[in-house]
Amino acid sequence: MGTALVYHEDMTATRLLWDDPECEIERPERLTAALDRLRQRGLEQRCLRLSAREASKEELGLVHSPEYVSLVRKTQVLGEEELQALSGQFDAIYFHPSTFHCARLAAGAGLQLVDAVLTGAVQNGLALVRPPGHHSQRAAANGFCVFNNVAIAAAHAKQKHGLHRILIVDWDVHHGQGIQYLFEDDPSVLYFSWHRYEHGRFWPFLRESDADAVGRGQGLGFTVNLPWNQVGMGNADYVAAFLHLLLPLAFEFDPELVLVSAGFDSAIGDPEGQMQATPECFAHLTHLLQVLAGGRVCAMLEGGYHLESLAESVCMTVQALLGDPAPPLSGLMVPCQSALESIQSARAAQAPYWKSLQLQDVTPVPTSPSTHSPEGRPPPLLPGGPTCKAAAPAPAPSSLLDQLCLCPAPSVRTTVALTAPDITLVLPPDVIQQEGSALREETEAWARPHESLVREEALTALGKLLYLLDGMLDGQVNSGIAATPASAAAATLDVAIQRGLSHGAQRLLCVALGQLDRPPDLAHDGRTLWLNIGGKEAAALSMFHVATPLPVMTGGFLSCILGLVLPLAYGFQPDLVLVALGPGHGLQGPHAALLAAMLRGLAGGRVLALLEEDSTPQLAGILARVLRGEAPPSLGPSSVASPEDVQALMYLRGQLEPQWKMLQCRPHLVV
Ligand code: Q9C
Ligand code: ZN
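Residue numbers (the numbering used here): 4 to 674.
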């Protein structure tokens with residue numbers, strides 16, 4: 004449906020006219036650097052360009068006092084000395100004769116973006132604006148911010164579009180205390196902010212930036228603060244914060260719209276933030292948010308002062324909004340102790356208000372499912388299985404990954420290789436129905452060890468699957484869907500894994516739903532992570548062989564994805580993902596779509612879905628759409644996880660946490 008890019012050149016006019024080391028980093032080049040890079044990458048051209056308009060007095064009045072708006076209006080006619088004197092009345096602020104015009108354009112850009120998304124003109128978008136907004140308050144400018152662009156957009160979405168639930172994600176490295184103050188008693192706006200805090204020793208030095216500030220009155224639990232108490236937070240810390248804190252609450256909240264206070268001073272190289280997250284991380288954060296609110300995501304620029312890092316991070320955000328697969332994250336995916344302490348204290352502070360956190364956090368020591376061993380103790384991980392080797396630093400990227408980075412969007416995103424004519428679909432544009440098939444002799448050779456593959460229909464399906472898989476491994480196609488006769492599902496999956504591993508995949512993640520057992524001849528060399536959802540009981544046979552029952556309730560399904568599947572997947576860093584919906588998988592279309600959409604964040608989006616031939620066209624269709632980058636439908640209000648769902652998850656986490664650090668959501672207890 005498209006991505007809007009809202010901008011106006013006039014917003015480069017405001018600048019610092021005198022000496023002030025604190026304010027000099029907020030300069031016009033921030034916008035031009037970001038825009039130039041978007042053009043260079045051909046990303047701007049793929050967006051719907053909208054020219055920003057000025058917000059009206061009434062629109063500014065949605066969050067600011069009339070007196071404050073007139074005060075800012077008057078700065079248009081002040082001389083330099085008067086501007087400097089007035090600026091001095093606020094914390095970290097400069098005014099320029101163009102400030103009023105720019106700030107009205109910045110707020111207006113956000114309004115246009117929200118209007119474009121909520122009228123269905125586009126699916127999502129980014130407003131590139133100056134001055135930023137999230138520090139500004141009802142009657143005060145603060146921290147380079149004059150009007151609170153995101154807060155005005157949220158108030159407008161409520162007032163003009165009648166929305167009831169808006170999620171604001173503030174990934175800027177500073178606390179957007181302005182947004183917090185404006186909505187702290189409002190349960191219709193869930194505000195999440197992570198920020199450099201250092202136990203209160205970092206600007207703006209507020210007690211209310213800590214995790215125990217959770218909102219007031221009706222708004223209790225609708226302010227979520229995640230204070231970072233050390234600098235140097237990186238990709239693993241940010242992804243862990245999303246998986247273990249923000250996303251559980253966000254799914255439970257079920258927003259109709261997501262607004263992002265998109266500051267990139269939380270990225271590597273920024274002088275303010277001193278953090279370590281790489282630009283690709285913002286593609287992942289954006290991608291993770293796109294599974295909410297039917298993909299209605301409006302991002303607005305806040306901070307970001309390292310021009311190179313800012314420009315790259317903006318590109319990554321726009322790429323993700325456009326539906327391009329996210330480049331794999333670099334570095335060890337192990338959150339640091341300080342990050343885990345912060346995440347745990349925020350979870351503890353929020354637990355009274357959110358069902359999705361309760362059952363998990365009140366259980367101090369996970370108990371094993373009763374079905375396990377007679378003493379009721381979890382059995383140890385199989386000795387002789389693979390050790391922690393594969394959890395060590397990820398091997399150097401394969402040549403396939405190199406290609407992927409050079410060419411992030413293959414010309415064909417998704418190919419559907421369906422064998423049974425009766426599930427031929429009305430395909431979305433740019434999804435290709437594959438005609439090709441692997442050579443007959445080759446197909447037969449791969450099929451030979453498997454009795455279930457001798458039948459003609461199974462062989463035909465296998466030939467198509469092999470051809471598709473080769474296309475993915477060569478980088479001609481990004482993702483695919485293949486159908487196979489139900490009786491051949493297990494054997495086909497086995498062949499797909501072997502073929503993937505022998506044709507260039509270094510690490511292969513296999514998510515098998517329903518009754519599919521790990522192929523017995525699959526090597527235990529740490530190159531395949533086998534995850535079965537739909538087993539009879541939770542079991543971790545090794546760190547690379549995990550089984551869990553299919554959760555009965557939507558809430559349980561979500562915690563399984565966020566608390567188990569994605570932490571394992573992000574920790575493993577696969578370069579190929581197979582998702583197999585096998586016999587009795589029991590997964591509803593929207594749930595399958597969500598799983599596929601989220602797994603698309605791994606392996607550069609190289610995901611192959613295997614379906615049974617008698618799957619419905621609806622299921623194949625919904626998977627084709629999410630694999631090409633469309634947002635999955637929102638699941639609606641989610642039921643709470645059942646006690647069995649929670650137990651299975653807690654048990655597996657207890658078993659696997661020592662090896663898979665991304666599963667952790669609390670620090671190690673030091674005894
Ligand atoms: N060295 C935004 O990013 N100065 N505003 C802090 C600490 C103020 C940041 C000084 C920073 C304001 C939108
Ligand atoms: Zn900032």
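Where is the CB? At the ideal position from N, CA and C, for every residue including glycine. Bear in mind that the values here come from a model prediction, so they are computed numbers and not experimental data.
Alpha-carbon spacing of residue i relative to residue j, whole angstroms
i      : j      : result
Gln233 : Cys339 : 10 angstroms
Ser196 : Asp175 : 8 angstroms
Phe245 : Glu444 : 47 angstroms
Arg609 : Arg18  : 44 angstroms
Ser90  : Glu84  : 10 angstroms
Val321 : Ala154 : 22 angstroms
Cys408 : Ala95  : The pLDDT assigned to Cys408 is 36, lower than 50, so where the model puts this residue is not dependable; a value taken from the coordinates is nonetheless given after this. Near 39 angstroms, if we compare the C-alpha coordinates of Ala95 and Cys408.
Lys539 : Tyr470 : 34 angstroms
His290 : Ile484 : 21 angstroms
Lys161 : Gln591 : 32 angstroms
Ala280 : Ala239 : 8 angstroms
Val457 : Ser505 : 22 angstroms
Asn481 : Glu62  : 43 angstroms
Arg204 : Ser333 : 30 angstroms
Ala119 : Ser562 : 33 angstroms
Pro400 : Asp477 : Reliability of the predicted coordinates at Pro400 is poor, the pLDDT of 36 falling under 50, and the value obtained from them is presented with this limitation in mind. Near 15 angstroms, if we compare the C-alpha coordinates of Asp477 and Pro400.
Ser68  : Leu630 : 46 angstroms
Pro369 : Leu655 : Residue placement at Pro369 cannot be trusted, given a pLDDT of 37 that sits under 50; what the coordinates show is reported in the next sentence. The alpha-carbon atoms of Pro369 and Leu655 are separated by roughly 9 angstroms.
Asp528 : Pro635 : 34 angstroms
Gly503 : Gly607 : 15 angstroms
Arg451 : Ala612 : 23 angstroms
Leu38  : Glu27  : 20 angstroms
Cys513 : Gly537 : 14 angstroms
Phe147 : His11  : 19 angstroms
Lys60  : His159 : 13 angstroms
Pro274 : Gln621 : 50 angstroms
Pro432 : Ala623 : 15 angstroms
Proximity of residue i and residue j at Cβ, strictly below 8 angstroms
i      : j      : result
Met278 : Ala265 : no
Glu57  : Arg107 : yes
Ala243 : Ile171 : no
Gln662 : Met546 : yes
Ala515 : Pro488 : no
Gln180 : Pro207 : yes
Pro577 : Arg510 : yes
Leu565 : Leu250 : yes
Ala494 : His453 : yes
Gly474 : Thr446 : no
Gln126 : Met4   : yes
Arg141 : Val66  : yes
Leu8   : Arg52  : yes
His679 : Leu121 : Outside the shown range of the chain, which is 4 to 674, sits residue 679, and nothing can be said about it.
For residue i: DSSP bridge partner residues
i      : result
Glu199 : A quick correction: the sequence has Arg, not Glu, at residue 199. DSSP output for Arg199 lists Trp231 as bridge partner(s).
Asn51  : It is worth fixing the name first, because residue 51 is Leu in this sequence and not Asn. Answer is Ala7.
Cys148 : Asn145
Met303 : Ala130, Ser264
Ala280 : Ala270
Ile169 : Val192, Leu260
Ser545 : His548
Cys513 : Trp533, Leu581
Thr226 : Tyr194
Asp94  : Asn145
Glu187 : Paired residue(s): none; Glu187 is not in a bridge.
Thr487 : Glu615
8 angstroms contact criterion, which residue i and residue j should meet: CB distance rounded
i      : j      : result
Leu46  : Leu325 : 7 angstroms
Ala214 : Ser348 : 5 angstroms
Leu626 : Ala583 : About 12 angstroms; that fails the 8 angstroms criterion.
Leu472 : Glu32  : With a Cβ gap of about 46 angstroms, Leu472 and Glu32 do not count as contacting.
Leu468 : Ala448 : With a Cβ gap of about 14 angstroms, Leu468 and Ala448 do not count as contacting.
Tyr194 : Val217 : Tyr194 to Val217, Cβ: 10 angstroms. No contact.
Ser212 : His198 : 6 angstroms
Val568 : Leu534 : 7 angstroms
Ser247 : Arg416 : According to the sequence shown, residue 247 is His rather than Ser. Contact doesn't hold; Cβ gap of about 30 angstroms is too wide.
Can at least three beta-carbon pairs, one atom from the region 291-306 and one from the region 115-130, be found at a separation below 8 angstroms? yes
Counting beta carbon pairs with one atom in the region 292-300 and one in the region 16-31, are three or more of them shorter than 8 angstroms? no
Note to self: Contact between the region 597-611 and the region 329-349 is defined here as three or more beta-carbon pairs at a separation below 8 angstroms; is this criterion met?
What the structure shows: yes
Q) For the region 101-121 against the region 70-82, are there 3 or more C-beta pairs whose distance is under 8 angstroms? A) yes
Do the region 203-223 and the region 188-195 make contact, defined as three or more Cβ pairs closer than 8 angstroms?
yes
Practice item. Would you be able to state if there are at least three C-beta pairs under 8 angstroms between the region 517-525 and the region 640-659? Key: no
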